[in-house]
Amino acid sequence: MRRDFIIGIDSGSTTTKAVVFSSTGAIVGTGRRRVAQHMERPHHVERDMHEAWQAVIGSIRDALRDAELDGNAIASVGVTAHGDGVFLLDRSRNPLGRGIMSLDSRATAIHERWKRDGISDLTLPIAGQRPYVYSANTLLAWIRDNEPERYQAIGSVIFAKDWIRYCLTGEIATDLTEASTSFTDLYTQNYSDDLLDVLGLADIRAALPEMRLSCEQGGVVTAEAAALTGLVAGTPVSVGLHDVTAAAVGLGHTRAGDLSITAGTFSINEVFRDRPVVGEGWACRAGYRRGLWNCMAISPASSSNLEWLAKILMPGDQDAARSLSAEIEARLSQPGARPAVPLYHPFLFGSPYDAPASASLFGVQSWHDRADLFQAMVEGTVFNHREHVDALKQTGPVRRIGISGGGSGQPAIAQMFADILGMPVRIPEVREAGALGAALTASVSVGLYASLEDAVAAQDVPMHTYRPQPDRERVYEGIYRRYVALTQAMRPFWSDLYDGGTSSLKPATTEHSRENDLVEAGPVLNYAMASTMTQGARP
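One rule links them: number in the numbering used here = place in the sequence shown (from 1) + 48.
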């Protein structure tokens, strides 16, 4: 049997997917397994590393079965996973506790102290970013201070996708896109002793893994992993990449000026640059190859807001979802028959700002109904993406914009992005952008293509382009200005609102203690969103 197929593994915050792709990017088979997040303690969001591996095993087997293929048909495997956070191995290469996810906020006090003492400012010119509360370096400092025995036992500091690849191959390594989240020099793209010194983590240097390029081979499937997954022993596995970068590549983006948006739990906005650009409104990290950088503006303020509303309004109730969809469809089929919907700040779980922002609805009147609230939330999440994109435009010109995730596959929501951003947006017909990006690194690793750029060019993935409609763009521009003005007006009150409702300050970027509950609303949300926006949206 010819080995014509590639598997891309995408281990997300709640679901692990394995997708079998043809050489031109067509999906041949898919497997997916849910993976638990463990949140037994406040601010702790963890993943059992063995459970993560079991989900990969199951998803690969399911994908092969769905594709009606066996492991002999697979030329190579690529891996991506939820980024940042940290996964630790001891010196015997066994998991050292659970993996810590990027939704974790236990290190808030350290993060605040670093800001207060000026340490965060010292890291910006070295690393191109300040530490986040969920960064590996911040979490390692927390472990050092709170779990010293665990800290002393660290043998390897890796990330989620590196753990999966280790389980497949028995080899420990990471890549530029992951290492640059916490440990590298912005300009050399190598590990930075100066950065580790500034953060007080010099003693962890020996535990940092070998850094390889994303498209290099990261090992081959072991006999043990083959028996578990259905793959063939000796099948190459690429080093892989951070899921944010994988999604960009899956959208066909490899060149400077390509801007990618992922509307998921986080509002992820990123643009490739051929030079490092340091600024206040974004993090500048390494791209998938040397000489390429990725400027990223991110906040946990996207479709998770819609999942929350779906849970509140229709908790697992498909009939309620259909009823809401019918209400919205009926209203939107009669433009102008309803008053303007409210304005919404989508800061339920965090914001782009240092202050502990709150979600807010403005302009609510007695005649507004749940359909108005849902529409306001959709618009508010897109406005938040717009604010990030405006910041990224300061790094240089934007060639094109591609979007994946959330409800972007729905035509009216895609059109809303175009109208609010004021630029054409491209939406892929293939939904699994992250898995495709991982698979493309695998195709390069075995020589099917000479470079990732060539691999992307060879893909035959249909794209739908939505262009701004001038009348809607003008109206949305005015609404967006009001959104920004209200944001600025509310900033002095956010801390008081938090202090008034809690015993201690909640972090501004990573409080996701109800994440598992929210995701359960996903199927309901998808149904509602599909019908919600079929008739278009405001104005």
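Yeah, the Cβ is synthetic: ideal placement off N, Cα and C, and Gly gets one too.
From the DSSP output, read off the bridge partner residues of residue i.
i, result
"Ala334", "Trp341"
"Val589", "This structure gives no information on residue 589, because the portion of the chain shown stretches from 49 to 587."
"Phe320", "Asn342"
"Val67", "Gly56, Thr78"
"Val246", "Answer is none; Val246 lacks a bridge partner."
"Phe135", "Ile206"
"Ala311", "Ser315"
"Arg260", "Asp223"
"Gln458", "BP columns for Gln458 are empty, so no partner."
"Gln265", "Ser286"
"Pro94", "Checking the sequence, you will find Glu at residue 94 rather than Pro. DSSP lists His86, Ile148 as partners of Glu94."
"Tyr239", "Thr232"
Can you name, in chain order, every residue of its own chain whose Cβ lies under 8 Å from the Cβ of residue i, other than the five neighbours on each side?
i, result
"Tyr531", "Leu391, His393, Gly428, Phe431"
"Arg338", "Leu224, Gln237, Leu261"
What three-state label does DSSP hand residue i in the structure shown?
i, result
"Ala281", "coil"
"Thr232", "strand"
"Thr270", "coil"
"Asp508", "coil"
"Tyr514", "strand"
"Glu328", "coil"
"Tyr9", "Because the chain spans 49 through 587 in this model, residue 9 falls outside it and cannot be assessed."
"His560", "With a pLDDT of only 34 at His560, under 50, the local geometry of the prediction cannot be trusted, and the value read off the model is given with reservation. His560 falls in the coil class under three-state DSSP."
"Pro394", "coil"
"Asp306", "strand"
"Gly119", "strand"
"Tyr524", "helix"
"Asp502", "helix"
"Met538", "helix"
"Gly73", "coil"
"Val443", "In the sequence on display, residue 443 carries Thr and not Val. Three-state DSSP puts Thr443 in a helix."
"Met464", "helix"
"Asp519", "helix"
"Gly485", "helix"
"Asp402", "coil"
"Ala388", "coil"
"Ser61", "coil"
From what residue to what residue does the alpha helix (DSSP H) around residue i run?
i, result
"Val127", "From DSSP, Val127 is part of no alpha helix (DSSP H) but of the beta strand (DSSP E) over 122 to 129."
"Arg51", "First-last for Arg51: undefined, no H or E at that position."
"Ser351", "Careful: Ser351 lies outside any alpha helix (DSSP H) and carries neither H nor E."
"Gly106", "97 to 115"
"Ala296", "291 to 298"
Can you find the residues in the same chain that come closer than 6 Å, C-beta to C-beta, to residue i, ignoring five residues on each side of it along the sequence?
i, result
"Leu216", "Val269, Ala273, Val285"
"Thr513", "Pro472, Arg474"
"Leu409", "Pro390, Tyr392"
"Arg178", "Ser168, Thr171, Leu172"
"Ser228", "Arg333, Ala334"
"Ala103", "Thr64, Arg81, Val83"
"Ser230", "Ser183, Ala184, Asn185"
Just curious, the beta strand (DSSP E) that residue i is in, first and last residue?
i, result
"Ala424", "Not the beta strand (DSSP E): Ala424 falls in the alpha helix (DSSP H), residues 418 to 440."
"Val83", "Segment: none, Val83 is in no beta strand (DSSP E) and carries neither H nor E."
"Val473", "473 to 476"
"Leu409", "408 to 410"
"Ile449", "448 to 452"
Less than 7 Å between the CB of residue i and some heavy atom of the ligand ATP, yes or no?
i, result
"Ile57", "Questions concerning the ligand ATP fall outside what the structure shown contains, since it holds no ligand whatsoever."
Can you list, in chain order, the residues of its chain whose CB lies under 7 Å from that of residue i, leaving out five sequence neighbours each side?
i, result
"His92", "Asp152, Arg154"
"Thr222", "Ile206, Phe207, Asp210, Pro257, Met259"
"Ile468", "Val430, Phe431, Arg434, Tyr524, Tyr528"
"Thr78", "Lys65, Val67, Ala111, Asp114"
"Leu137", "Pro143, Leu144, Gly203, Ser204, Ile206"
When you compare the CB of residue i with every CB in chain D, is at least one pair closer than 8 Å?
i, result
"Val134", "Here there is only one protein chain, and chain D is not present."
Any alpha helix (DSSP H) of 4 or more consecutive residues that is wholly inside the segment 140 to 226 = 156 to 164, 167 to 175, 184 to 194, 196 to 200, 208 to 217
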